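Numbering (our numbering), first residue to last: 3 to 341. Structure first, then comments.
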């Protein structure tokens, strides 16, 4: 597919085959040096643990075209560290940070023509992943592994861009207590398919998950992290061992504190205390920031700032974050890697 057929202003979040992807194999106790390939089909054993026992993890990150034509990778070291934690949780070999970032750079350079132009609001989404492969049938760690990265040009994850969306509290759990909630593994997302589908059929953007122990505290918004702005301007985000530590969440915590002067609280967000918040949002690499207009719980819709307009604090956070990512606003030290 040539980039001349892409309507940059109408990009969604859909798979588009790009030119090259990175592929590395772990055999005999070490990763090979990796290579770029045009083949977008993986050839793996039917006994691969990734297929039967969910031994796999992945990441999501973006590369941005700047006004001067240069390319920014946003905090790839943090994605590398999170993938290392996910791999360790599933007994998979880790990919060191240097190899991870270099592989990302190679993929971006090889697919530069697919990076959405500056000013379109789009980005080049990178999907690194590690899977257990090889001939196996027992419940044990795989004999071999694949580390790969592919990329696609993307626009807004939720239609409409920076516009409020309503969400529905789910009765299902996203992850078990002391389970894999803090790791970015496919099983967590498989568990979210049914409740997410039910929420969308009820005309909500997605499901919101409560803590699996007590079902009294908000944990995650679909596949994104939750944040709220209190009436006294505190930035509050859930802190739980079953919440995925998002890179966007981590960045917003620092920007809220250092750039907006907000007090940051990582703690409980009680479902019966929604009135404490004047604004709320979902944040993540794919979603960036999605304002939450309202949350439906026990057949009651609690509306925050507005169902149609974005709150002022959320707007400032979005402007600061996206400005840093695209190079329009000076980034904190170490956040940007030039490709």
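Built from N, CA and C at the ideal position, the CB exists for glycine as well. Computed from a prediction, not measured in an experiment: that's the story for all the values here.
Starting from residue i, trace the beta strand (DSSP E) in both directions and tell me its first and last residue.
i, result
"residue 286", "279 to 286"
"residue 67", "63 to 67"
"residue 77", "Taken as a continuous stretch (DSSP letters only), residue 77 belongs to no beta strand (DSSP E), as it is neither H nor E."
"residue 224", "Unbroken run through residue 224: none, as it is neither H nor E."
"residue 23", "23 to 29"
"residue 154", "146 to 156"
"residue 236", "236 to 240"
"residue 60", "58 to 60"
Let me make sure I understand the geometry here. Which of the options has the alpha-carbon closest to that of residue i?
i, options, result
"residue 246", "321, 222, 326", "222"
"residue 186", "23, 105, 56, 142", "56"
"residue 319", "337, 301, 263", "263"
"residue 238", "315, 204, 140, 224", "315"
"residue 154", "132, 59, 190, 22", "22"
"residue 275", "291, 220, 228", "220"
"residue 292", "312, 300, 303", "312"
"residue 53", "188, 79, 104, 322", "188"
"residue 58", "266, 251, 143", "143"
"residue 82", "102, 258, 68, 76", "102"
"residue 310", "8, 39, 167, 61", "167"
"residue 135", "149, 268, 129, 128", "149"
"residue 233", "265, 227, 202", "265"
"residue 270", "241, 256, 317, 78", "241"
"residue 259", "299, 322, 244", "322"
"residue 43", "317, 20, 69", "20"
"residue 151", "40, 272, 327, 207", "40"
"residue 288", "88, 51, 127, 71", "127"
"residue 15", "268, 86, 290", "290"
"residue 17", "74, 139, 157", "157"
What are the boundary residues of the alpha helix (DSSP H) that includes residue i?
i, result
"residue 316", "314 to 327"
"residue 126", "Taken as a continuous stretch (DSSP letters only), residue 126 belongs to no alpha helix (DSSP H), being part of the beta strand (DSSP E) at 125 to 135."
"residue 42", "It is not in any alpha helix (DSSP H) - residue 42 carries neither H nor E in the DSSP assignment."
"residue 253", "249 to 260"
"residue 51", "51 to 54"
I need the DSSP call for residue i, collapsed to helix, strand or coil.
i, result
"residue 108", "helix"
"residue 84", "helix"
"residue 198", "helix"
"residue 18", "coil"
"residue 346", "As displayed, the chain neither begins before 3 nor continues past 341, which places residue 346 out of reach and without an answer."
"residue 265", "strand"
"residue 188", "helix"
"residue 114", "helix"
"residue 142", "coil"
"residue 7", "helix"
"residue 333", "coil"
"residue 204", "coil"
Name the one or two DSSP bridge partners that residue i has.
i, result
"residue 219", "272"
"residue 340", "74"
"residue 209", "170"
"residue 303", "298"
"residue 96", "Paired residues: none, contrary to the question."
"residue 179", "DSSP output for residue 179 lists no bridge partner at all."
"residue 293", "283"
"residue 33", "28"
"residue 232", "279"
Answer yes if the stretch 25 to 36 comes into contact with the stretch 93 to 110, meaning at least three C-beta pairs across the two stretches below 8 Å, and no otherwise. Contact annotation: the stretch 93 to 110 touches the stretch 25 to 36, with at least three C-beta pairs closer than 8 Å.
Would you be able to state if there are at least three C-beta pairs under 8 Å between the stretch 205 to 216 and the stretch 166 to 176? Proximity of the stretch 166 to 176 to the stretch 205 to 216 meets the contact definition, three or more beta-carbon pairs being nearer than 8 Å.
Decide if the stretch 193 to 200 is in contact with the stretch 276 to 287; the criterion is three or more beta carbon pairs, one per stretch, under 8 Å apart. The answer is no - the stretch 276 to 287 does not touch the stretch 193 to 200, with fewer than three Cβ pairs under 8 Å.
When you compare the stretch 29 to 41 with the stretch 117 to 125, are there three or more beta-carbon pairs, one atom per stretch, that lie closer than 8 Å? They do not touch, by the three-pair rule.
Are at least three pairs of beta-carbons, each pair with one atom in the stretch 106 to 121 and one in the stretch 44 to 56, less than 8 Å apart? No, the stretch 106 to 121 does not touch the stretch 44 to 56.
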